[in-house]
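J.: Quick note on numbering: numbering that gives the first Met the number 0 labels position 16 of the sequence shown as 15, and the sequence is numbered without any gaps.
Glycine is no exception: its CB is placed at the ideal position from the N, C-alpha and C atoms.
Would you mind keeping the following structure in view while I ask a few things?
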Amino acid sequence: MSNVVQEAKKYYFSKQIEKSKNKMKTTWDITISLTGIKTKNEDVRQLNINGNVNCNFQTVPDSFNNYFLSIMGKNHSAVDKDYNVAD
Numbered sequence: 000m001s002n003v004v005q006e007a008k009k010y011y012f013s014k015q016i017e018k019s020k021n022k023m024k025t026t027w028d029i030t031i032s033l034t035g036i037k038t039k040n041e042d043v044r045q046l047n048i049n050g051n052v053n054c055n056f057q058t059v060p061d062s063f064n065n066y067f068l069s070i071m072g073k074n075h076s077a078v079d080k081d082y083n084v085a086d
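As structure tokens, then:
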């Protein structure tokens with residue numbers, strides 16, 4: 000009987016995702032509902048950037064972008080070394 004319930008749930012959620020216009024959001028909504036994760040939305044109004052507290056609404060998002068771009072650059076370099084990729 001348990002197997003039937005699991006298959007029914009799988010079918011239901013697959014159909015939800017299939018008919019969704021935003022499949023990624025629907026997938027996350029299903030995941031959150033199944034795991035019971037509570038989401039917390041907090042606005043970032045200030046950010047400590049290299050020891051300086053900054054609350055400029057343009058600098059904060061730019062700092063996030065620069066941080067994630069720097070990570071991508073480091074990962075890209077590591078992949079290049081691992082696979083001996085030339086520029």
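(1) Between the C-alpha atoms of Phe91 and Ser32, what's the straight-line distance to the nearest angstrom?
(2) Considering only their Cβ atoms, is the gap separating Leu46 from Val59 smaller than 9 Å?
(3) What does the alpha-carbon distance come out to for the pair Ile70 and Asp61?
(4) Which class does Ile164 belong to by DSSP, given the choice of helix, strand or coil?
(5) Report the rounded CA-to-CA distance for Ile96 versus Lys14, giving the unit in angstroms.
T.: So, from the listed chains and residues:
(1) Outside the displayed span of the chain (0 to 86) sits residue 91, for which this structure offers no information.
(2) yes
(3) 14 Å
(4) Examination of residue 164 is not possible in this model, given that the chain is present from 0 through 86 alone.
(5) Any answer about residue 96 is impossible in this case: the structure gives the chain only from 0 up to 86.
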